[in-house]
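Residue 147 in our numbering sits at position 121 of the sequence shown; the count goes up by one each step and never skips.
As structure tokens, the structure follows; a few thoughts come after it.
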Amino acid sequence: MGKRKRTDVSNETAAPGPSHTKKAKPAAPRREENGKPTISSSSSLTQPVTIQIVTGSYDRILHGITATITPDEKVEFADTFLFNAHTSAIRCLALSPPSAPEPGRAQKVMLASGSSDERINVYNISAHPPSSSSKKDGPGDLNDVLSSVAPRRILENRKNREVGTLLHHSASVTRLAFPARSKLLSAAEDSTVAVARTRDWAVLSSVRTPAPRPQGRPSGDTAALGAAPGGVNDFAVHPSMKLMITVGRGERCMRLWNLMTARKAGVLNFGRDALRQAGEGGRGSLGEGRRVVWGRAGGGDDEFCVAFDRDLLVFGMDSTPKCRVMPDHRSKVHEVCYVATDGEGDASLLAVSTEDGRVMFFSTKSEDLTAAPAETSKTSRPSKDGKTDDDNNNNKKAESSSSQSQSLPVAKFVAYLGGKEAGVTGRIKDFAVLRAAAEEGGGGERLIIPTGGSDGKVRVFSLAVDELSEAAAARKGKDRDEEARRVGRLLGTYDTSNRITCLEAFVMIPRPEGVEDSEDEDGDDGFEDVSSEDDDDDEDDE
């Protein structure tokens, strides 16, 4: 696969703070532009942290960026790879866990990209930051020459390369995931979810969802048989690796799958009333789940969240709706994940990226749920006989009161990241949450959150875990309508000059002494040697 270096990226300033090339002031108590104080945190990083960010775009470009964050929270970006990966827009990315450490050998991470061209490309990328020796290969090194004329440093790693393409799907690939390094799960618009083994990339099994029944199609529709919209939008694998949930196009339900037998375990309809409360009950609403993710609320109880176009529903393990999330924030939902707020992961917050440039954090604990807001009815207008519309529609009124009595509770809005106050005005298409260790006695761990938007900008935020905990504690007992606080700090912004569609990132592993890129074995030219640490039990079919 050919590679090219990008030299036309512009140096973007992090708004409203300084750019990454300037010294950033250490975190201190400060006030926002609207006069509301933010929560300060004294936690800081113990050592410089390098994160690898990978973005996919409408322009078919797979862009690798490293962001090095110093203990005083300065950030420096550098280009590591730039692949013209696909012939169509890239729709999803997935990163595997790093390979097992071996003496004298560098660790690697597998990267998979899915596109509308039905292909899944697999890459090997280094899990270590570029070493000092790889930066200086002698006088006139190509990296130094390109860096001298480019607005960003270029630290190319020769081991970042494509290793092959998977062609087992016949439609656009919609979702990819590595539940373990030995397995790759992929979903596509051909209504299949395939399980591939990374040792030899053989497809172990695949599950197929039935074609959805066309809903809301015009009576004179001349679409061919089976041409109605269909496919799998998203899937989520339970941490036990035994259960999977899928949501699909044209389906007002979610499907449960037993991964031990690769068979259907059940179908759960969302319910008309639940869809109405989530804003999907209208005539033009599809009622399909766009995203699904597993998480854990307070007390260690598992739950899962299904994201719709402009709202989310949280379900318990009994598969009944537990609460809704965004009744007051009718902004389009793009990505969702759970963020653990303690070491064991027993408590977590639900993070949602929206159209208005924010990453919003919600608490779904049972004690934090509040009553749903009263539904506002249209103004009653008198008719010619003097009666109002409400008098003429007693049945509808009784039906509305019955629905209102069964309204789902609402999750507590704890805090948000970004937004107009941070200079983020466009949508956040995707984001990643990474954890970095902080100094002892400095307030606990920090979260590094890179975000990507359709404006082509990658923004890196820093957020202390204690900030989220303090924000959640500060919201206890307060009115739901009260505005939540803005948390976190924007460290730097990188302009990729491409419309970003998806983003993945991981914290790079410090390079062991004596291990250099040039010492790696060149045994990754084929699929056979991509994963060398599979156990014997990994060869069993899922």
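Glycine included, C-beta positions come from ideal geometry on N, C-alpha and C.
Please read these numbers as outputs of a predicted model, since none were measured by experiment.
For the structure I just gave you, are there three or more beta carbon pairs, one from the region 299-311 and one from the region 322-329, closer than 8 angstroms?
no
Can you tell me which of the three DSSP states S114 falls into?
coil
In angstroms, rounded to a whole number, what distance separates the CA positions of K48 and R179?
Summary for K48: the model assigns pLDDT 41, below 50, so the residue's position carries little reliability; its value from the coordinates is reported in the next sentence. For K48 and R179, the distance between alpha carbons rounds to 15 angstroms.
Starting from R21 and walking both ways along the alpha helix (DSSP H), at which residues does that stretch end?
Residue numbering for the chain in the displayed model covers 27 to 568; residue 21 lies beyond these limits and cannot be assessed.
With H, G and I counted as helix, E and B as strand and the rest as coil, what does DSSP make of E314?
coil
Three Cβ pairs or more, each shorter than 8 angstroms: is that satisfied between the region 117-135 and the region 525-537?
yes
Of the residues T477, F204, L460 and R472, which one's Cα is nearest the Cα of T451?
T477
Beta-carbon separation (whole angstroms), R201 vs F261, contact threshold 8 angstroms:
6 angstroms
Hey, would you say G479 sits closer than 9 angstroms to I454, going by beta carbons?
yes
Count the other CB atoms, across all protein chains shown, that sit within 10 Å of the CB of A397; report buried if there are 16 or more and exposed otherwise.
exposed
Buried or exposed: where does S403 fall if 16 or more other Cβ atoms within 10 Å of its Cβ makes it buried?
The predicted model places S403 with a pLDDT of 40, which falls under 50 and marks its position as unreliable, so this point remains unresolved.
Secondary structure of Q78, DSSP reduced to three states:
strand
Inter-residue CB distance, L460 and I77 (contact presumed, cutoff 8 angstroms)
6 angstroms
Local conformation of G324 per DSSP, three classes
helix
Return the bridge partner residues of E530 from the DSSP annotation.
V80
Start and end residues, alpha helix (DSSP H) containing R298
R298 to Q303
Out of E277, V75 and L211, state which residue places its alpha-carbon closest to the alpha-carbon of H264.
L211
If the criterion is Cβ atoms closer than 9 angstroms, does the pair V199 and C118 meet it?
yes
By how many angstroms is the C-alpha of P435 removed from the C-alpha of R384?
23 angstroms
Could you tell me if K162 is buried or exposed, where buried requires 16 or more neighbouring beta carbons within 10 angstroms of its beta carbon?
In this prediction, K162 scores a pLDDT of 47, lower than 50, which makes its location untrustworthy; no coordinate-derived value is stated.
With a CB to CB cut of under 6 angstroms and the five nearest residues on each side skipped, what residues in its chain are close to S379?
H360, E361, V385, I454 and F457
Extent of the continuous beta strand (DSSP E) to which A448 belongs
Segment: none, A448 is in no beta strand (DSSP E) and carries neither H nor E.
Report the rounded CA-to-CA distance for I474 versus A237, giving the unit in angstroms.
41 angstroms
Taking C-alpha atoms, which residue in C349, G140 and G130 lies nearest to A120?
G140
Using 8 angstroms as the threshold, is the region 312-319 in touch with the region 327-335, meaning 3 or more CB pairs across them?
yes
Close beta carbons around V351, own chain, < 6 angstroms, minus the five adjacent residues each side:
L338, F388 and A437
Pick from I526, V440, E493 and D521: whose alpha carbon is nearest that of R501?
V440
Helix, strand or coil for V491 per DSSP?
helix
Buried or exposed: which applies to D368, given that a residue is buried once 16 or more other Cβ atoms fall within 10 Å of its Cβ?
exposed
Would you kindly work out how many angstroms separate the C-alpha atoms of A497 and R225, rounded to a whole number?
45 angstroms
On the premise that T235 lies in contact with G274, defined as a C-beta separation below 8 angstroms, what is that separation, rounded to the nearest angstrom?
5 angstroms
Between L395 and the rest of its own chain, which residues show a CB-CB distance below 6 angstroms, the 5 nearest in sequence each way excluded?
C349 and P435
Grab me the residues of A462's own chain with a C-beta within less than 7 angstroms of its C-beta, minus the 5 sequence neighbours each way, in chain order.
L71, V75, E471, R472, I474 and V533
So what's S389 in DSSP terms, helix, strand or just coil?
strand
Applying the 10 Å Cβ sphere with the 16-neighbour rule, what's the burial state of R223?
buried
Residue from T218, D328 and D216 whose Cα sits closest to the Cα of S266:
D328
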